[in-house]
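Participant:
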Amino acid sequence: MKLITSILQTAEESTRGYRASVTPTLTLLTDELQASVPNAAQLESHVDYLIQKNAELVNLNNDIFDATDDVTYEEELEAAEDCDRKVCYAVSPVPIEDIKKTYLQMLIRPEESDVLRFLRIDRLPSDADPSPTVVTWRMTRVPFGESSSPF
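Residue 633 is where the sequence shown starts when you use our numbering, and the numbers rise one by one after that.
(1) In whole angstroms, give me the CA-to-CA distance for Ala712 and Leu692.
(2) Assuming Arg749 and Val767 make a contact with CB atoms under 8 Å, what is their CB distance in whole Å?
(3) Alpha carbon to alpha carbon, how far is Val774 from Val747?
(4) Give the C-beta separation of Asp754 and Thr772 to the nearest angstrom, bearing in mind that I take them to be a contact with Cβ-Cβ under 8 Å.
(5) In chain order, what residues of the same chain lie with their CB nearer than 7 Å to the CB of Met738, ignoring the 5 residues before and after it?
(6) Which residues share a DSSP beta bridge with Val766?
(7) Excluding the 5 residues preceding and the 5 following Arg770 in the sequence, name in chain order all residues of the same chain whose CB lies nearer than 6 Å to its CB.
(8) I need the DSSP call for Leu692, collapsed to helix, strand or coil.
(9) Rounded to whole angstroms, what's the CA-CA distance from Thr680 to Tyr705? Just pull it up for me.
(10) Tell me the DSSP secondary structure of Leu748 in three-state form.
Set out below in structure tokens:
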């Protein structure tokens with residue numbers, strides 16, 4: 633019995649301490665809740681504020697949704713992969729060979745063939761013919777890796 637009495641006394645003392653600390657807070661809250669009713673102008677501006685905040689939140693939600701949209705994500709992923717493929721191709725030795733082959737296929741216009749001409753003799757000089765005939769070769773395609781004639 634003494635044990636129960638001591639427990640009840642301890643509970644009552646702790647309840648008094650709790651009430652002593654909570655009572656002022658409840659009083660302040662009650663006073664705040666029972667404040668005067670705001671006038672119509674205050675309510676109207678508050679409603680406008682809430683409407684504006686709602687519109688901002690809707691726009692924010694749309695922006696977040698657009699940023700996390702699966703279609704947009706897939707497009708960005710494809711663009712990044714395409715860029716990666718192009719960079720890998722550009723730094724590999726394959727494009728250099730392609731450029732060489734493309735360059736070799738370029739035609740030269742007939743009026744510019746005089747610039748790309750090569751002179752050579754048709755046969756080696758001999759005792760019978762000490763000065764062989766000079767033959768002119770005119771290029772029809774861009775030469776690659778050739779040295780030009782000094783003539």
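Just so you know, even glycine gets a beta-carbon here, dropped at the ideal spot from N, CA and C.
Facilitator: Reading off the structure:
(1) By one-based count along the sequence shown, residue 712 stands at place 80. By one-based count along the sequence shown, residue 692 stands at place 60. If you take the alpha carbons of Ala712 and Leu692, they lie about 26 Å apart.
(2) The count along the sequence shown starts at 1 and reaches residue 749 at position 117. The count along the sequence shown starts at 1 and reaches residue 767 at position 135. Not quite, the Cβ-Cβ distance comes to about 10 Å (not below 8 Å), so this is no contact.
(3) Here residue 774 corresponds to residue number 142 of the sequence shown, with the count starting at 1. Here residue 747 corresponds to residue number 115 of the sequence shown, with the count starting at 1. The straight-line gap from Cα to Cα measures roughly 11 Å.
(4) Here residue 754 refers to the residue found at position 122 when the sequence shown is read from its first residue. Here residue 772 refers to the residue found at position 140 when the sequence shown is read from its first residue. Between Thr772 and Asp754 the Cβ distance is about 20 Å, and since that is not below 8 Å, they are no contact.
(5) Counted from its first residue, the sequence shown places residue 738 at position 106. These residues qualify, in order along the chain: Arg773, Val774.
(6) Counted from its first residue, the sequence shown places residue 766 at position 134. Paired residue(s): Ile753.
(7) In the sequence shown, the residue the question calls residue 770 occupies position 138. Counting only Cβ-Cβ distances below 6 Å, and skipping sequence neighbours, we find Ser745, Arg749.
(8) Looking up residue 692 in the sequence shown gives position 60. Correct three-state label for Leu692: helix.
(9) Translated into positions along the sequence shown, residue 680 becomes position 48. Translated into positions along the sequence shown, residue 705 becomes position 73. The sequence shown places Asp at residue 680, not Thr. Those two C-alpha atoms are separated by around 36 Å.
(10) To locate residue 748, count along the sequence shown from 1; it is residue 116. Correct three-state label for Leu748: coil.
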